[in-house]
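Asks: Before I ask anything, let me first share the structure, which is written out below as structure tokens.
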Amino acid sequence: MLDILEVINEATKEANSFENHAAKDLTLEERLLYLQGLALVMNADGEIHPEEKEYIRILIKSFEMDESILESFVEFAQRPDKDTVQAFFRTFRRRPIAQLFLFDALMMTRRDDSVDEREKAVVDKIAEQLEVLKGTYQDIYDLFCHIKNKDWEESALYFSSHLLNPEHFKHLLDYFEVDFDNLMLSSEKLQEKRFKQVILSKLNVENYEWEELKYYSDGIITTPNSKVTSHYVDLTSSLMSLVELIVPKVQSDLDRGKICVNPNEELESENGEILASVKSLGLNYDKENKCFNLHLSDDDAKKDEEIYSIACYLSTGFVGRSNNINDIIAFILQDENASIAQARRHPSYPNERCFPRSGNEYLDEVLEFEGKLYLNEFNNSYVHYAEFVECIESNFSVLKSGKIRIATF
Numbered sequence: 001m002l003d004i005l006e007v008i009n010e011a012t013k014e015a016n017s018f019e020n021h022a023a024k025d026l027t028l029e030e031r032l033l034y035l036q037g038l039a040l041v042m043n044a045d046g047e048i049h050p051e052e053k054e055y056i057r058i059l060i061k062s063f064e065m066d067e068s069i070l071e072s073f074v075e076f077a078q079r080p081d082k083d084t085v086q087a088f089f090r091t092f093r094r095r096p097i098a099q100l101f102l103f104d105a106l107m108m109t110r111r112d113d114s115v116d117e118r119e120k121a122v123v124d125k126i127a128e129q130l131e132v133l134k135g136t137y138q139d140i141y142d143l144f145c146h147i148k149n150k151d152w153e154e155s156a157l158y159f160s161s162h163l164l165n166p167e168h169f170k171h172l173l174d175y176f177e178v179d180f181d182n183l184m185l186s187s188e189k190l191q192e193k194r195f196k197q198v199i200l201s202k203l204n205v206e207n208y209e210w211e212e213l214k215y216y217s218d219g220i221i222t223t224p225n226s227k228v229t230s231h232y233v234d235l236t237s238s239l240m241s242l243v244e245l246i247v248p249k250v251q252s253d254l255d256r257g258k259i260c261v262n263p264n265e266e267l268e269s270e271n272g273e274i275l276a277s278v279k280s281l282g283l284n285y286d287k288e289n290k291c292f293n294l295h296l297s298d299d300d301a302k303k304d305e306e307i308y309s310i311a312c313y314l315s316t317g318f319v320g321r322s323n324n325i326n327d328i329i330a331f332i333l334q335d336e337n338a339s340i341a342q343a344r345r346h347p348s349y350p351n352e353r354c355f356p357r358s359g360n361e362y363l364d365e366v367l368e369f370e371g372k373l374y375l376n377e378f379n380n381s382y383v384h385y386a387e388f389v390e391c392i393e394s395n396f397s398v399l400k401s402g403k404i405r406i407a408t409f
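Shown next as structure tokens:
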């Protein structure tokens, strides 16, 4: 028997929840383009389902537009014109609201309880043309899956971190009657754990082989529970992956009022401290839409400088002379105790510099000693301080040299 009350409750709940949809604040022209973009997804499989039309209708209502225009979107879905499609991409390319559009697009593909490969291909292509970073697109998909399956504790990460803009998705909690504050409180420890896991997966951090940290031929152990990677560590892939994180980070800080962009196009903290220039981070800033987009240099040397600045900003929150190579290593590994392997003074012969072992051998590697970087060029177990060669390579070159090991203390 049809439960009319249940039908009314479900219909009202869905329609009302979207009153807080973030796209409601767009201009009329932008709202029309937003819905036309979704109309493209609606007909991606060559068939327009009633459930898909209903989703468009709900959004029309939540955008405070006349529901009579629904059929115009159906007609557009069946006969899209290039000018409108180009206007859609021109309007939403690189803008934060594109995150929400892709979420709505994923919602649209599931309205008929089946996913057609053509629908997936269309959404993927839209994400590409909107220049949404692959990592951000993956986060949107992960959040979509968590919410679809009502995994609230897993979804909490995306409402509390800088990975996505939480203000774009809070209306979904309203729909499912989930209290935001209670969710944040109850899942705090899990959020921290999941954030580390997400960062490690984004940065392609390997499962390194570790051994006990020992020095010199007599096997001196520096401190209890200390360890070092058994082999060289190449962080090039992780460093290149950092570019996926910088736009969400600075955009989130800007949206939350933690930073502003001053007239010199510098990131400035709440207390007026200059944190970094926008250009140094390989970014452009759109003043009109108050959003950042990635624009790394085509010159390899400048690009390396930008990526190093990104690494500094993500690990410490600023770019400056006091940035340390170990801050970057700690961020990449999500372990505050991680650092580049270190040389040390021999406890009995203070003029000797001892090197960490690799099994029963010593490696040609870059090491830290008292805040500076040095080389063990000849696989020695130790050298006299006068023969200790300082490394002249830049921090960024050292990090991607494949000639370092990581230790934890």
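Numbering-wise (full-length UniProt numbering), the sequence shown opens with residue 1 and increments by one.
For every residue, glycine included, the Cβ atom is placed at its ideal position computed from N, Cα and C.
Quick caveat, the model's predicted, so the values are computed rather than measured.
Give the secondary structure of His171 by DSSP, where H, G and I count as helix, E and B as strand, and everything else as coil.
Replies: helix
Asks: Just confirm the distance between the C-beta atoms of Val228 and Leu213, as a whole number of angstroms; I'd bet it's less than 8 Å.
Replies: 5 Å
Asks: In the DSSP assignment, find the alpha helix (DSSP H) that holds Asp304 and state where it starts and stops.
Replies: Asp300 to Thr316
Asks: When you measure from the CB of Glu188 to every non-hydrogen atom of the ligand GDP, does any distance come out below 6 Å?
Replies: What this structure holds is no ligand at all, so the ligand GDP is not there to describe.
Asks: Compare the beta carbon distance of Phe355 and Ala338 with 7 Å and say whether it is the shorter of the two.
Replies: no
Asks: Mind checking who Cys291 pairs with in its DSSP beta bridge?
Replies: Asp286
Asks: Within its chain, find whatever has a CB closer than 6 Å to the CB of Asp45; leave out the 5 residues flanking it on each side and keep chain order.
Replies: Asp116, Arg118 and Glu119
Asks: What would DSSP say about Leu345, mapped onto helix, strand or coil?
Replies: The sequence as given places Arg at residue 345; Leu does not occur at that position. Strand at Arg345.
Asks: Between the C-alpha atoms of Asn182 and Val41, what's the straight-line distance to the nearest angstrom?
Replies: 35 Å
Asks: To test your reading of the DSSP string, which unbroken alpha helix (DSSP H) runs of 4 or more residues are found completely within the region 18–44?
Replies: Complete alpha helix (DSSP H) runs here, min 4: 28–42.
Asks: Just checking my contact of Ser161 with Leu203 at CB under 8 Å: how many whole Å lie between their CB atoms?
Replies: Rounded, the Cβ-Cβ distance is 15 Å, inconsistent with contact.
Asks: Around the C-beta of Gly37, are 16 or more other C-beta atoms found within 10 angstroms, so that it is buried, or is it exposed?
Replies: buried
Asks: Among the residues of its own chain, which have a CB less than 8 Å from the CB of Ile48, if the five just before and after it don't count?
Replies: Met42, Val74, Ala77 and Gln78
Asks: Starting from Val198, trace the alpha helix (DSSP H) in both directions and tell me its first and last residue.
Replies: Glu188 to Lys202
Asks: Just how far apart, CA to CA, sit Ser68 and Ile325?
Replies: 60 Å
Asks: Considering Cα atoms alone, identify which of Arg93, Pro96, Lys82 and Leu26 is closest to Ser62.
Replies: Leu26
Asks: Let's test the definition: count the other Cβ atoms within 10 Å of the Cβ of Phe378 and tell me whether it reaches 16, buried, or not, exposed.
Replies: exposed
Asks: Using a Cβ-Cβ cut-off of 6 Å (strictly less than) and excluding sequence neighbours within five positions of Glu153, which residues of its own chain qualify?
Replies: Ser187 and Leu190
Asks: What is the rounded straight-line gap between the Cα of Leu172 and the Cα of Arg353?
Replies: 59 Å
Asks: For Ala276, count neighbouring C-beta atoms within 10 Å of its own C-beta (all shown protein chains included) and say buried if the count is 16 or more, exposed if not.
Replies: When all chains shown are included, Ala276 counts as buried.
Asks: Can you tell me which of Phe388, Asn376, Asn351 and Lys372 puts its alpha carbon nearest to the alpha carbon of Glu361?
Replies: Asn376
Asks: Just to confirm, are Glu51 and Asp3 a CB contact at a threshold of 7 Å?
Replies: no
Asks: Which of helix, strand or coil does DSSP assign to Phe176?
Replies: coil
Asks: Suppose the cutoff is 8 Å on Cβ atoms and the five residues either side in sequence are ignored; what does the same chain contact list for Tyr232 look like?
Replies: Leu363, Glu365, Gly402, Lys403, Ile404 and Arg405
Asks: If distances are taken between C-alpha atoms only, which option among Tyr175, Tyr215, Asp139 and Lys170 comes closest to Arg194?
Replies: Asp139
Asks: Kindly identify the DSSP beta-bridge partner or partners of Pro166.
Replies: DSSP, once it has assigned bridges, lists no residue as partnering Pro166.
Asks: Please identify the residue among Phe159, Ser155, Asn149 and Arg90 whose C-alpha is closest to the C-alpha of Ala127.
Replies: Of the candidates Phe159, Ser155, Asn149 and Arg90, the one whose C-alpha sits nearest the C-alpha of Ala127 is Arg90.
Asks: Under the rule that 16 or more other beta-carbon atoms within 10 Å means buried, what is Arg95, buried or exposed?
Replies: buried
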